[in-house]
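Trainee:
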Amino acid sequence: MEKEIILSASHLKKSFRTGKKGLHIGKKGSHTGDNNLVHAVDDVSLEVIKGETLALVGESGCGKSTLARLLMRMINSDEGSIYFEGKEISHLSERKMRPYRKKMQMVFQDPASSLDPRMKIRDIIAEPLIAWNVYDSKAKRDDRILELLNLVDLREDCLDRYPHQFSGGQRQRIGIARAIALNPDLLICDESVSALDVCVQAQILNLLKSLKQQMGLTCLFISHDLAVVSFIADRVVVMKNGRICEMAPASQIYSNPGHEYTKYLLSSVPRIKEYD
Amino acid sequence: MNDDKLLEIKDLTVSIKQEKEMMPVVNGIDITIPDHSIIGLVGESGCGKSMTAKSINHILPSFAKITSGSMLWHEPSGQVCDLVTLKEKDIRKRCGTDVAMIFQEPMTSLNPLMCIGDQIKEVLMIHKLEKSQDRAKARVIEMLDAVEIPDPAVRYRAYPHELSGGMRQRAMIAMAMIANPKLLIADEPTTALDVTTQAQILDLIKKMCETHSMSALIITHNMGIVSTLCDYVYVMYLGTIMEEALTDELFRNPMHPYTRGLLSSIPRMGDNPEFLETLPGNIPVNKEKFRGCRFCLRCSDDIKKCFFEEAPLHKVSDDHYVRCHVAAGKED
Ligand SMILES: Nc1ncnc2c1ncn2[C@@H]1O[C@H](COP(=O)(O)OP(=O)(O)O)[C@@H](O)[C@H]1O
Ligand SMILES: Nc1ncnc2c1ncn2[C@@H]1O[C@H](COP(=O)(O)OP(=O)(O)O)[C@@H](O)[C@H]1O
Ligand SMILES: [Mg+2]
Ligand SMILES: [Mg+2]
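Protein chains in written order, with the working numbering: chain A, 1 to 276; chain B, 1001 to 1332.
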């Protein structure tokens, strides 16, 4: 079957001026001649295939979040192009970009800071539905909200409560419900399970996997945790200092890594010994 | 494991003030730390790991108090002293020389306004372990070298903000180690670090324990760290020890449903189940007093008894104990 490419990037570059001077012993970042210039994303090309979960892994500061923000056009690149379903979106105006915004949604690491504390859960989930005017009646919209709650395994009595009344895991479910409300084609999860305790993390990972199956979601999954990635990803991109050093199917990354840096990362993970 | 005891925590209860009531967050736990051993304390966030650690050095926050128990410190001479009843000034004397502590965030123990070398030297001077400033400085540089900070003589003058997270953690370990403590308490020492730096710091802690014949209490939520570092493990849930065993025994034969749930929730590289087997629900937040087993609400093995009677710690073997009616029943 022909692979359908949903999102692709070619030779993306983005650098930041940091203004920091002086000695930064052992600090990472790909500094070059100019001491204050960080090449956060440095000539990255990749393709996201429809229906897959593509993971971006690498140590903090390697450029994962910057790459995600570039791909979503939350920030503009210095160089390079981005294509969504074959159409270039790198230079679209905000108005022309609007239909694409609906198709790409993001789930963040810290649900607490991405949910408005003064809004009830009902209104948080309704917000994108209202902004995009998806339903012509309130009744239809309310039906959709209930459906979404059901999809993320939250009970109906959540609706009239506020974010602070929920645990971290439940807030992440709310963030996911909001992100999938518009039936996006692509979901970007930036360290979405990193702050959660293992049991809740496992619940959210299971939820993401089953949503992907139910909705045919494509997912760009960003994480620094190689074990988490091995559970969820179909393909893996390993980044270092703003560059891609290896891109391969997950099974290959874990059983037969090609790049020295991938091997180093894998060997650093503290593993639970195998017992039979 | 060694049979000679270094620290015996017995029936330790730590409570926090909530409105007018004192609410226990650590419930009568027993932990024994033998000489020359690395002990793990694992559990999810909020279960009471840090409160346990902080009570050893009397650095609990003002709203928390030790409400019962003892912490028996065994001197090499054979003398035993209870750290709980020690006066503030005697505890300060011991901090660093007997028990040292490192944290997740090095900035909580490093002074941002002082170069790292001088801060570490201060520990030697305060405890009067060195009279000569020059010799003290030489010892600090030696220690910076031992924790594998490159160019130690130059780095002596570095301020904390000039160092990366990993280097700062090394500086904090150097400060903890400088007075040759017998016990290192490490509270999530690598949680904020990248995985490659984490591996280096864990190696360093292990090496320091060996070369300085020191024991360590490693507090973590990461079972991989427990597996690679610890000799013996305590599993904590809502302030109570649910299971304890030699590390290999715990991973090979976890008996408490909570331990089993924790272990099966962890994704493992190279082993890809369709879905992870995890525990349902969340850790209860409103901590009403429990009559029965505090894990009961999330347990799939529970029997009637679990609701109204807390299980005692059942001995499975000399190296394995479990607090569960059902697991204990299966044993008999
Ligand atoms: N807005 C910004 N201003 C300055 N530097 C930035 C900014 N965003 C990111 N960076 C720098 O770019 C690099 C990559 O950051 P980031 O994409 O956040 O990495 P990651 O998500 O992999 O941890 C880092 O060195 C970071 O300090
Ligand atoms: N700053 C605080 N204010 C109120 N309660 C606290 C605070 N810190 C801790 N607690 C209480 O003490 C319990 C144990 O906390 P702690 O020992 O820090 O857990 P851990 O280190 O295992 O994550 C928490 O569940 C919480 O109820
Ligand atoms: Mg990031
Ligand atoms: Mg803690």
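The beta-carbon is built from N, C-alpha and C at its ideal position, and this holds for glycine as well.
Bear in mind the structure is a predicted one, so any value in this text is a computation, not a measurement.
1. Hey, is C62 (chain A) close to ligand 6, as in C-beta under 7 Å from one of its heavy atoms?
2. With a threshold of 8 Å between beta-carbons, can C1324 (chain B) be considered close to chain A, or not?
3. Can you grab the Cα-Cα spacing for the pair R1157 (chain B) / A1146 (chain B), in whole Å?
4. Excluding five sequence neighbours on each side, which residues of the same chain lie with their C-beta closer than 7 Å to the C-beta of M106 (chain A)?
5. 8 Å is my cut-off, CB to CB: does I121 (chain A) come that close to chain B?
6. With H, G and I counted as helix, E and B as strand and the rest as coil, what does DSSP make of S268 (chain A)?
7. Within 8 Å (strictly less), CB to CB, does P257 (chain A) reach chain B?
8. Note down, one range per segment and in chain order, each alpha helix (DSSP H) of at least 4 residues found wholly within the region 182-266 of chain A.
9. Pull the bridge partners of M1236 (chain B) from the DSSP assignment, please.
10. At the level of alpha carbons, what is the spacing between D1319 (chain B) and V200 (chain A)?
11. Which residues in the same chain have their Cβ closer than 7 Å to the Cβ of R1298 (chain B), if we skip the five residues on either side of it in sequence?
12. Straight-line CA distance for K1010 (chain B) to R1135 (chain B)?
13. Taking a Cβ distance cut-off of 8 Å, strictly less, list which residues of the region 154-177 of chain A are near chain B, in chain order.
14. Does the beta carbon of A1136 (chain B) fall short of 7 Å from some heavy atom of ligand 1?
15. Compare the beta carbon distance of E1088 (chain B) and C1081 (chain B) with 8 Å and say whether it is the shorter of the two.
16. Please state whether DSSP places T1190 (chain B) in a helix, a strand or coil.
17. Helix, strand or coil for T1097 (chain B), going by three-state DSSP, please let me know.
18. Considering only residues of the same chain and omitting the five flanking positions on each side of S230 (chain A), which have a CB-CB separation below 7 Å?
19. Please report how far the alpha carbon of G1028 (chain B) lies from the alpha carbon of T53 (chain A), in whole angstroms.
20. Going by C-alpha distance, which of B:G1043, B:C1115 and B:M1022 is nearest G1261 (chain B)?
21. If you measure from each CB to the nearest heavy atom of ligand 4 and keep those under 7 Å, what residues do you get, in chain order?
22. Spatial neighbours of E4 (chain A) within its chain, please: CB distance less than 6 Å, with the 5 preceding and 5 following residues excluded, ordered by chain position.
23. Since D1194 (chain B) and E59 (chain A) should fall inside the 8 Å C-beta cutoff, what is the C-beta to C-beta distance between them, to a whole number of angstroms?
24. Which of the three DSSP states, helix, strand or coil, is assigned to L1202 (chain B)?
25. Could you tell me whether any Cβ in chain A is nearer than 8 Å to the Cβ of R1157 (chain B)?
Mentor: Per the coordinate set shown:
1. Questions concerning ligand 6 fall outside what the structure shown contains, since the ligands it does hold are ligand 1, ligand 2, ligand 3 and ligand 4.
2. no
3. 17 Å
4. M72, A179, I188 and D190
5. no
6. helix
7. no
8. 198-215, 226-232 and 250-255
9. B:I1241
10. 30 Å
11. L1279, P1280 and G1281
12. 40 Å
13. S167, G169 and Q170
14. no
15. no
16. coil
17. coil
18. A250 and Y254
19. 46 Å
20. B:G1043
21. B:S1045, B:K1049, B:S1050, B:D1187, B:E1188 and B:I1219
22. K50
23. 4 Å
24. helix
25. no
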